[in-house]
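Novice: Next up is a structure, given as structure tokens.
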Amino acid sequence: MKLLNTEIKNKVLKSMLQILDRERQTIIEANKKDLNAFQKEDQALYDRLIVNDKKVDEMIAAVNDVMLQEDPVGREITNKTLKNKLNIVNTTAPFGTILIIYESRPDVTIEAAVLAFKANNKILLKGGKEALNSNLILEKCWHEALEENGLSKDWIRLLHLKREETQEFLRNPTEPLDLIVPRGGERLINFVKTHATCAVLISGRGNNFLYVSEHADWSKAVNVIINAKTDKISGCNALDKVLINKNLPQYDTKLKMLQEKLEQHKVEIVVDHKVSKILSQKEVISNQEIWDEEFLALKVLIGEVANLDEAIDMINTHSGKHSASIITEDKSEAMTFMHNVDSAAVYHNASTRFTDGGQMGVGAELAISTDKLHHRGPLGLNQLVTNKYYVYGDGQIRV
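Read in UniProt numbering, the sequence shown has 90 at position 90, and its numbers run on one by one without any break.
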């Protein structure tokens with residue numbers, strides 16, 4: 001793959017900024033076609049689909065942010081000269097061709113592409129059929145920006161494939177693929193992992209947990225729970241499960257207070273058998289599999305635990321390993337929780353809603369990785385490169 005210099009990449013992005021602003025209304029009108037065709041049975045998916053003036057502004061901001069960031073390609077990681085005078089330099093390098101599979105969210109067509117391109121990768125975008133009109137106009141914008149600066153449209157392309165065709169493409173790619181990022185449900189992720197012939201970076205489900213310690217500031221706990229649950233139900237960083245230590249002072253009263261506060265925000269509450277003794281009017285879970293479920297809805301499960309170890313065990317057993325939070329005024333306890341919970345992001349006295357590239361100072365993100373190899377957490381510009389060794393010699397041979 002040809003290495004582009006930073007100047008030409010930034011020129012493409014500068015063109016894209018102008019094109020997005022110029023085509024604002026065309027993009028919104030195309031999105032209306034998708035919204036009108038969408039059956040609102042899945043509110044979270046519908047919310048992700050919406051493109052309005054604010055969303056276009058966010059797309060423009062994402063492109064601008066990446067344009068202003070330092071080029072991640074060709075950075076020196078290490079530089080060593082050995083006793084045999086070999087100079088070994090480890091540098092950052094592009095992956096090559098990235099395939100991202102996602103549903104709804106037309107903004108991914110902007111954020112994923114701008115990140116991949118600035119990191120000198122080609123990107124194949126497989127969006128969902130529900131966002132087809134939105135994605136087509138956004139692809140057209142990208143192609144105009146590329147061609148305006150003398151580059152091929154192949155750098156950024158939508159894959160116009162049906163579900164079955166996408167599955168066949170994964171089994172037998174018609175062009176080289178270097179990295180696949182599936183952003184979807186368990187079935188998609190498992191299928192890609194089974195059939196992919198290249199590296200797969202998992203952007204896993206949420207199903208995030210929050211633990212309220214007996215040492216918690218209760219007011220702080222309630223505010224964080226409400227924010228993490230209700231701020232954006234379609235976010236993979238939204239809260240689904242709340243574990244409360246049974247030794248929390250005024251336990252019964254505080255549980256009822258939490259119920260009242262959640263109901264004010266129209267949140268459906270389900271409880272485990274222990275909590276049902278106090279919140280007796282609430283639906284009791286009948287199947288333990290609900291602990292593994294990501295709700296993507298105004299719904300929360302409240303459970304009781306006896307101690308910190310039980311909370312950690314519950315989270316590590318059932319969560320999506322995305323984000324987890326502890327509410328406590330005991331810093332030592334907080335560190336024990338954060339060291340031992342197996343999640344991409346762990347929080348002390350803060351909402352899980354901050355697991356986001358922009359909120360974490362990474363900038364635009366391709367996805368939130370729940371993998372442990374290569375990178376974990378928000379996949380920003382600096383995470384879309386691999387590495388390569390350059391070895392400089394003068395006739396050395398191994399003896």
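Beta carbons: idealized from backbone N, C-alpha and C, even for Gly.
Restricting to Cα atoms, I'd like to know which of E144, I50, Q69, N87 is closest to Y392.
Specialist: Taking the first residue of the sequence shown as position 1, residue 392 is located at position 392. The shortest Cα separation from Y392 among E144, I50, Q69, N87 belongs to N87.
Novice: Here's a check: name, in chain order, each residue in its chain whose Cβ is nearer than 8 Å to the Cβ of I226, leaving out the five neighbours to either side.
Specialist: For the purposes of this step, residue 226 is taken as the residue at position 226 of the sequence shown. Same-chain partners within the cutoff: K261, L262, H265.
Novice: Would you call K33 buried or exposed, if buried means 16 or more other Cβ atoms sit within 10 Å of its Cβ?
Specialist: Walking along the sequence shown from the start, residue 33 turns up at place 33. Classification of K33: exposed, given that the 10 Å Cβ count is below 16.
Novice: Return the chain-ordered list of same chain residues with a C-beta closer than 6 Å to the C-beta of G96, the five sequence neighbours on each side being excluded.
Specialist: The sequence position of residue 96 within the sequence shown is 96, counting from 1. Closer than 6 Å at Cβ, skipping near neighbours: M1, D178.
Novice: Can you give me the Cβ contacts of G235 inside the same chain, cut-off strictly under 7 Å, excluding the 5 residues immediately before and after it?
Specialist: Counted from its first residue, the sequence shown places residue 235 at position 235. These residues qualify, in order along the chain: R353.
Novice: With 16 as the cutoff for other CB atoms within 10 Å, does L243 come out buried or exposed?
Specialist: Sequence index remark: in the sequence shown, residue 243 carries index 243 (1-based). With 16 or more other Cβ atoms from the protein chains shown falling within 10 Å of its own Cβ, L243 counts as buried.
Novice: Could you check what DSSP says for I233 in three-state terms: helix, strand or coil?
Specialist: Taking the sequence shown and counting its residues from 1, the one referred to as residue 233 is at position 233. Looking at I233 - three-state DSSP - the assignment turns out to be coil, as it is neither helix nor strand.
Novice: In the DSSP assignment, what are the bridge partners of L179?
Specialist: Translated into positions along the sequence shown, residue 179 becomes position 179. Per the DSSP secondary-structure output, L179 pairs in a beta bridge with I98, A199.
Novice: Relative to the C-alpha of W218, which candidate in I189, P249, L188 has its C-alpha closest?
Specialist: Residue mapping note: residue 218 aligns to position 218 of the sequence shown, counting from 1. For the residues I189, P249, L188, the minimum Cα distance to W218 belongs to P249.
Novice: Is it buried or exposed, E186, if we count other Cβ atoms within 10 angstroms and call 16 or more buried?
Specialist: For the purposes of this step, residue 186 is taken as the residue at position 186 of the sequence shown. Classification of E186: exposed, given that the 10 Å Cβ count is below 16.
Novice: Would you list the residues sitting across from Y211 in a DSSP beta bridge?
Specialist: As a position in the sequence shown, residue 211 is number 211, starting the count at 1. Paired residues: L243, I326.
Novice: Can you give me the Cβ contacts of I233 inside the same chain, cut-off strictly under 7 Å, excluding the 5 residues immediately before and after it?
Specialist: Here the question's residue 233 lines up with position 233 in the sequence shown. Excluding positions up to five away in sequence, the list reads A44, L296, A297, L298.
Novice: Let's test the definition: count the other Cβ atoms within 10 Å of the Cβ of D272 and tell me whether it reaches 16, buried, or not, exposed.
Specialist: Within the sequence shown, the letter at position 272 stands for residue 272. Buried.
Novice: Can at least three beta-carbon pairs, one atom from the stretch 51 to 71 and one from the stretch 313 to 325, be found at a separation below 8 Å?
Specialist: no
Novice: Using only alpha-carbon positions, find the residue among P378, A306, P106 that is nearest to Y46.
Specialist: As a position in the sequence shown, residue 46 is number 46, starting the count at 1. The shortest C-alpha separation from Y46 is found at P106.
Novice: Among Q39, T355, L124, which has the Cα closest to the Cα of I101?
Specialist: Taking the first residue of the sequence shown as position 1, residue 101 is located at position 101. Closest by alpha carbon: L124.
Novice: According to DSSP, which residues form a beta bridge with V12?
Specialist: The residue given as residue 12 occupies position 12 in the sequence shown. Bridge partners of V12: none, in fact.
Novice: Nearest CA to the CA of residue 402: which residue from G320, I110, V200?
Specialist: The structure shown does not extend to residue 402, since the chain is modelled only from 1 to 399, so the question has no answer here.
Novice: Out of K118, N135, K153, S134, state which residue places its alpha-carbon closest to the alpha-carbon of H143.
Specialist: Taking the first residue of the sequence shown as position 1, residue 143 is located at position 143. Taking only the C-alpha atoms, the option nearest H143 is K153.
Novice: If you reduce the DSSP assignment to three classes, tell me which class N349 lands in.
Specialist: As a working mapping, residue 349 is identified with position 349 in the sequence shown. N349 carries a coil assignment under DSSP once its states are collapsed to helix, strand and coil.
Novice: When you compare only the Cα positions, how much space is there between H322 and W291?
Specialist: Position 322 of the sequence shown, counted from the first residue, corresponds to residue 322. Position 291 of the sequence shown, counted from the first residue, corresponds to residue 291. Going from the Cα of H322 to the Cα of W291 covers about 15 Å.
Novice: What number of angstroms, rounded off, separates the C-alpha of V116 from the C-alpha of T92?
Specialist: Looking up residue 116 in the sequence shown gives position 116. Looking up residue 92 in the sequence shown gives position 92. Note that residue 116 is Ala in the sequence shown here, rather than Val. Using only the alpha carbons, I get a separation of about 14 Å.
Novice: Going by DSSP, which residues form a beta bridge with Y389?
Specialist: What you label residue 389 is simply residue 389 of the sequence shown in a count that begins at 1. For Y389, the pairing in a beta bridge is given by DSSP as N90.
Novice: Classify I156 as helix, strand or coil using the three-state DSSP reduction.
Specialist: Taking the first residue of the sequence shown as 1, we reach residue 156 at position 156. DSSP places I156 in strand when its eight states are reduced to three.
Novice: Drop a sphere of 10 angstroms on the beta-carbon of N387, count the other beta-carbons inside from all chains shown, and report buried for 16 or more, exposed for fewer.
Specialist: Here residue 387 refers to the residue found at position 387 of the sequence shown. N387 is classed as exposed because its beta carbon has fewer than 16 other beta carbons within 10 Å across all chains shown.
Novice: Leaving out five residues on either side along the sequence, give the residues of the same chain with a beta carbon under 7 Å from the beta carbon of F38.
Specialist: Position 38 of the sequence shown holds residue 38. The answer, listed in chain order, is Y46, L49, E130.
Novice: Just curious, the alpha helix (DSSP H) that L125 is in, first and last residue?
Specialist: Here residue 125 refers to the residue found at position 125 of the sequence shown. Counting along the chain, L125 falls outside any alpha helix (DSSP H), though it belongs to the beta strand (DSSP E) covering 122 to 126.
Novice: On a CA-only basis, which of T81, P94, N84 is nearest V73? Give me that one, please.
Specialist: Looking up residue 73 in the sequence shown gives position 73. It is P94 whose Cα lies nearest to the Cα of V73.
Novice: Would you kindly work out how many angstroms separate the C-alpha atoms of L136 and H160, rounded to a whole number?
Specialist: By one-based count along the sequence shown, residue 136 stands at place 136. By one-based count along the sequence shown, residue 160 stands at place 160. So the alpha carbons of these two residues sit roughly 10 Å apart.
Novice: Quick check on the burial criterion: 16 or more other C-beta atoms within 10 angstroms. Buried or exposed for K331?
Specialist: Taking the first residue of the sequence shown as 1, we reach residue 331 at position 331. Taking all protein chains in view, the Cβ of K331 is surrounded by fewer than 16 other Cβ atoms within 10 Å, so the residue is classified as exposed.
Novice: Which residue from E293, T336, V300, E294 puts its Cα closest to that of E310?
Specialist: Along the sequence shown, read from residue 1 onward, the residue named residue 310 stands at position 310. Per the Cα distances, T336.
Novice: Can you tell me where the alpha helix (DSSP H) holding T109 begins and where it ends?
Specialist: Reading the sequence shown from its first residue, position 109 is the one you call residue 109. It spans 107 to 118 - the alpha helix (DSSP H) in which T109 sits, taken as one unbroken run.
Novice: Using the Cβ count rule (16 or more neighbours within 10 Å means buried), how would you classify P176?
Specialist: The residue given as residue 176 occupies position 176 in the sequence shown. Exposed, since its Cβ has fewer than 16 Cβ neighbours within 10 Å.
Novice: T336 by DSSP, collapsed to three states: which one?
Specialist: Counted from its first residue, the sequence shown places residue 336 at position 336. Reduced to three states, the DSSP call for T336 is helix.
Novice: Taking DSSP as the reference, what is the three-state secondary structure of K80?
Specialist: Counting from 1 along the sequence shown, the entry for residue 80 is found at position 80. In the three-state reduction of the DSSP assignment, K80 falls in the strand class, which pools E and B.
Novice: Rounded to whole angstroms, what's the CA-CA distance from V224 to D231? Just pull it up for me.
Specialist: Position 224 of the sequence shown, counting from 1, holds the residue named residue 224. Position 231 of the sequence shown, counting from 1, holds the residue named residue 231. Going from the Cα of V224 to the Cα of D231 covers about 10 Å.
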